[in-house]
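Visitor:
Protein chains: 2
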Amino acid sequence: MKFSKKSEYGLRALLELCETYGGRVLQRHEIAARQNIPVEFLEQILLALKRAGLLASRRGIRGGYTLIKSPEEITLGQVIRILDGPLAPISCVSKTAYQKCSDCPYATKVSCPLQEAMGVVRDAIANILDHYTLSRFALSKQAEGSYAHHDRS
Amino acid sequence: MKFSKKSEYGLRALLELCETYGGRVLQRHEIAARQNIPVEFLEQILLALKRAGLLASRRGIRGGYTLIKSPEEITLGQVIRILDGPLAPISCVSKTAYQKCSDCPYATKVSCPLQEAMGVVRDAIANILDHYTLSRFALSKQAEGSYAHHDRS
DNA sequence: ACATTTGTCTAGTGAGTTGCTCAAGAAGTC
DNA sequence: GACTTCTTGAGCAACTCACTAGACAAATGT
Chain W
1 MKFSKKSEYG
11 LRALLELCET
21 YGGRVLQRHE
31 IAARQNIPVE
41 FLEQILLALK
51 RAGLLASRRG
61 IRGGYTLIKS
71 PEEITLGQVI
81 RILDGPLAPI
91 SCVSKTAYQK
101 CSDCPYATKV
111 SCPLQEAMGV
121 VRDAIANILD
131 HYTLSRFALS
141 KQAEGSYAHH
151 DRS
Chain A
1 MKFSKKSEYG
11 LRALLELCET
21 YGGRVLQRHE
31 IAARQNIPVE
41 FLEQILLALK
51 RAGLLASRRG
61 IRGGYTLIKS
71 PEEITLGQVI
81 RILDGPLAPI
91 SCVSKTAYQK
101 CSDCPYATKV
111 SCPLQEAMGV
121 VRDAIANILD
131 HYTLSRFALS
141 KQAEGSYAHH
151 DRS
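The listed protein sequences derive, respectively, from chains W and A. All residue numbers for the first sequence refer to the working numbering, where the first residue is 1 and numbers rise by one. All residue numbers for the second sequence refer to the working numbering, where the first residue is 1 and numbers rise by one.
1. Does any C-beta atom of chain A lie closer than 7 Å to the C-beta of W:L87?
2. Can you tell me where the alpha helix (DSSP H) holding W:L114 begins and where it ends?
3. State the beta-bridge partners of W:S57 as determined by DSSP.
4. Taking all protein chains shown into account, do 16 or more other C-beta atoms lie within 10 angstroms of the C-beta of W:T75, making it buried, or fewer, making it exposed?
5. On a Cα-Cα basis, can you pick out the residue from W:A126, W:L83, W:L87, W:P71 that is closest to W:L15?
6. Within 10 Å of its beta-carbon, does W:A13 have 16 or more other beta-carbons around it, so buried, or fewer, so exposed?
7. Give the single residue among A:R28, A:C92, A:I68, A:A126 whose Cα lies nearest to the Cα of A:R62.
8. Note down the Cα distance separating W:S140 from A:C112, rounded to an integer number of angstroms.
9. Please report the distance separating the alpha-carbon of A:S146 from that of A:E8.
10. Look at A:P89 and A:A97 and say whether their C-beta atoms are less than 7 Å apart.
11. Is the distance from the Cβ of W:L17 to the Cβ of W:L67 below 7 Å?
12. Per DSSP, what kind of secondary structure is A:L87 in: helix, strand or coil?
13. Could you tell me whether any Cβ in chain W is nearer than 7 Å to the Cβ of A:I45?
14. If I follow the unbroken alpha helix (DSSP H) through A:R34, where does it start and stop?
15. Expressed to the nearest angstrom, what Euclidean distance is found between the alpha-carbon atoms of A:K6 and A:I45?
16. Expressed to the nearest angstrom, what Euclidean distance is found between the alpha-carbon atoms of A:M1 and W:S91?
17. I want to verify the contact list: residues of chain A whose CB lies under 8 Å from the CB of W:S94, in sequence order.
18. Is the segment 41-57 of chain A close to the segment 120-131 of chain A, with three or more CB pairs under 8 Å?
19. Using alpha carbons as the reference points, say which of W:Q78, W:Y106, W:L114 lies closest to W:V93.
20. Identify, in the order they occur along the chain, each residue of the same chain with its Cβ nearer than 8 Å to the Cβ of A:Y21, setting aside the five sequence neighbours on each side.
21. When DSSP builds the beta bridges, which residues end up paired with W:T96?
22. Note down the Cα distance separating W:K109 from W:C101, rounded to an integer number of angstroms.
23. What residues are listed by DSSP as bridge partners for A:T75?
24. Excluding sequence positions up to five away, which residues of its chain have a Cβ less than 7 Å from the Cβ of W:R34?
25. Exposed or buried, what is A:E40 when buried is set at 16 or more other beta-carbons lying within 10 Å of its beta-carbon?
26. Output the boundary residues of the alpha helix (DSSP H) element that contains W:D10.
27. Express the C-alpha separation of A:G77 and A:L129 in angstroms, rounding to a whole number.
28. Would you please verify whether the beta carbon of W:P113 is less than 7 Å from any beta carbon of chain A?
29. Within 7 Å of any Cβ in chain A, is that where the Cβ of W:S140 sits?
30. Between the alpha carbons of A:R24 and A:E30, how many angstroms are there, rounded?
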């Protein structure tokens, strides 16, 4: 149940791009240096985000990347889906990439216990991540209190 | 962000063991056949659950596995942690397996945006899974309605 | 006693994923 | 047209996942 480095780097990169939103462009190496990310790997991530329509880019000496949508409009859920695929913990409960499980004996039945439980988890994750905007995300760069009640994990 | 087959199989196996709880033992091949799981793989899973104290076993011709704790006392969270490790989506927010992220520039700061966001996700997942008992899980074998509101995932 | 049937343990393995790296090319700028 | 940036694609070592295999230990039946 881990998110990949790709998502992590992507989100950290967007953090930088949020800061210069509306202003100047940022180059790969600037982002990479500030966020401590391998440049060549970061590049792939930025390209993916560009193809998904979040970023614009320019080549040449004054080139670089910019956010093309406002940080209010972008959610962590979007970004993670772009870089990591669907959020669902098992694919038979995914809304964006549903797949009937082949080996599960409940696949043909009316209800599946696993599907029931994992559906709840997926909804919870999606609910949080699809309402967590980049602007709120970038906010916690400066300050912040604590959150929610703490169980183990 | 997927759970492994190990967790899935483990939970499905426990579904069977719940049914005979307090009664007879179940053998690997019975569970495997009913739940459509490769026997030898299932074995590893059952052993792990045994070492964790959820199952007891007997060898020999009348041997097999039994649940040793009541389905009320076992949660999906426990099982998944045993088979898949910590629930936390990144290790710097794990309560059971915390690790300071080495490359993150916020690691030394007071707050990290990623940690903030992922902490919320972890709490949500843990909250659901640590309160979802095996008995409730086994319940949805017979019937069930739908749950929560549906966003994408 | 001894064969049979079960669980126990350790190691191996092929396929796929992750987290990068490299190199050649295309498009801007000066 | 030289230089700088993004763009594309391929490649690759290390690791994880989902199993598989085999030797061994204990319980039972005869």
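We put the CB at the ideal spot given by N, CA and C, even for glycine. Only a predicted model underlies this, so the values are computations on that prediction, with no experimental measurement involved.
Guide: Based on what the coordinates show:
1. On the first sequence, residue 87 of chain W is found 87 positions in, with the first residue counted as 1. W:L87 counts as touching chain A.
2. Here the question's residue 114 of chain W lines up with position 114 in the first sequence. Note, W:L114: alpha helix (DSSP H), 113-129.
3. Start at 1 with the first residue of the first sequence, and residue 57 of chain W comes out as number 57. Residue pairing by DSSP places W:S57 opposite W:Y65 in a beta bridge.
4. Translated into positions along the first sequence, residue 75 of chain W becomes position 75. When all chains shown are included, W:T75 counts as buried.
5. Here the question's residue 15 of chain W lines up with position 15 in the first sequence. W:P71 is the residue among W:A126, W:L83, W:L87, W:P71 whose C-alpha sits nearest the C-alpha of W:L15.
6. For the purposes of this step, residue 13 of chain W is identified with residue 13 of the first sequence, where counting begins at 1. With a threshold of 16 other beta carbon atoms within 10 Å, W:A13 meets it and is buried.
7. Against the second sequence, residue 62 of chain A aligns to sequence position 62. Minimum Cα distance to A:R62 is reached at A:R28.
8. The residue given as residue 140 of chain W occupies position 140 in the first sequence. The residue given as residue 112 of chain A occupies position 112 in the second sequence. C-alpha separation (whole angstroms): 7 Å.
9. Numbered from its first residue, the second sequence carries residue 146 of chain A at position 146. Numbered from its first residue, the second sequence carries residue 8 of chain A at position 8. Since pLDDT at A:S146 reaches only 46, below the 50 mark, its modelled position is unreliable, and the value read off the structure follows with that caveat. Each residue's Cα considered, the two are about 21 Å apart.
10. Counting from one through the second sequence, the residue named residue 89 of chain A turns up at place 89. Counting from one through the second sequence, the residue named residue 97 of chain A turns up at place 97. Between A:P89 and A:A97, the CB-CB gap reaches or exceeds 7 Å.
11. Along the first sequence, read from residue 1 onward, the residue named residue 17 of chain W stands at position 17. Along the first sequence, read from residue 1 onward, the residue named residue 67 of chain W stands at position 67. Yes, Cβ-Cβ distance for W:L17 and W:L67 is below 7 Å.
12. Within the second sequence, numbered from 1, the residue matching residue 87 of chain A stands at position 87. DSSP places A:L87 in coil when its eight states are reduced to three.
13. The residue labelled residue 45 of chain A in the question sits at position 45 within the second sequence. Answer no: the Cβ-Cβ gap between A:I45 and chain W never drops below 7 Å.
14. Position 34 of the second sequence holds residue 34 of chain A. Where A:R34 is concerned, the enclosing alpha helix (DSSP H) stretches over 28-35.
15. Numbered from its first residue, the second sequence carries residue 6 of chain A at position 6. Numbered from its first residue, the second sequence carries residue 45 of chain A at position 45. Going from the Cα of A:K6 to the Cα of A:I45 covers about 7 Å.
16. In the second sequence, residue 1 of chain A corresponds to position 1, counting from 1. In the first sequence, residue 91 of chain W corresponds to position 91, counting from 1. One C-alpha to the other measures close to 10 Å.
17. For the purposes of this step, residue 94 of chain W is taken as the residue at position 94 of the first sequence. For a Cβ distance threshold of 8 Å, residue set S153 of chain A lies close to W:S94, ordered along the chain.
18. The segment 41-57 of chain A makes no contact with the segment 120-131 of chain A; the number of CB pairs closer than 8 Å stays below 3.
19. As a position in the first sequence, residue 93 of chain W is number 93, starting the count at 1. The shortest C-alpha to C-alpha distance from W:V93 to any of W:Q78, W:Y106, W:L114 is the one to W:L114.
20. Walking along the second sequence from the start, residue 21 of chain A turns up at place 21. Non-local C-beta neighbours of A:Y21 in its own chain, meaning closer than 8 Å and more than five positions away in sequence, comprise T66, L67, S70, P71, ordered along the chain.
21. Position 96 of the first sequence holds residue 96 of chain W. BP columns for W:T96 are empty, so no partner.
22. One-based indexing of the first sequence puts residue 109 of chain W at position 109. One-based indexing of the first sequence puts residue 101 of chain W at position 101. Cα-Cα distance, rounded: 12 Å.
23. What you label residue 75 of chain A is simply residue 75 of the second sequence in a count that begins at 1. Its beta-bridge partners are A:T133.
24. Locating residue 34 of chain W in the first sequence gives position 34, counting from the first residue. Taking C-beta separations shorter than 7 Å and ignoring five residues to either side along the sequence, the partners of W:R34 in its chain run E16, following chain order.
25. Residue numbering aside, residue 40 of chain A sits at position 40 when the second sequence is read from its first letter. Classification for A:E40: exposed.
26. Residue mapping note: residue 10 of chain W aligns to position 10 of the first sequence, counting from 1. Reading off the sequence, residue 10 of chain W comes out as Gly, not Asp. DSSP places W:G10 in the uninterrupted alpha helix (DSSP H) bounded by 5-19.
27. On the second sequence, residue 129 of chain A is found 129 positions in, with the first residue counted as 1. On the second sequence, residue 77 of chain A is found 77 positions in, with the first residue counted as 1. Computed Cα separation, rounded: 4 Å.
28. On the first sequence, residue 113 of chain W is found 113 positions in, with the first residue counted as 1. The C-beta of W:P113 comes closer than 7 Å to at least one C-beta of chain A.
29. Translated into the one-based positions of the first sequence, residue 140 of chain W becomes position 140. W:S140 counts as touching chain A.
30. To locate residue 24 of chain A, count along the second sequence from 1; it is residue 24. To locate residue 30 of chain A, count along the second sequence from 1; it is residue 30. A direct Cα-to-Cα measurement between A:R24 and A:E30 gives close to 12 Å.
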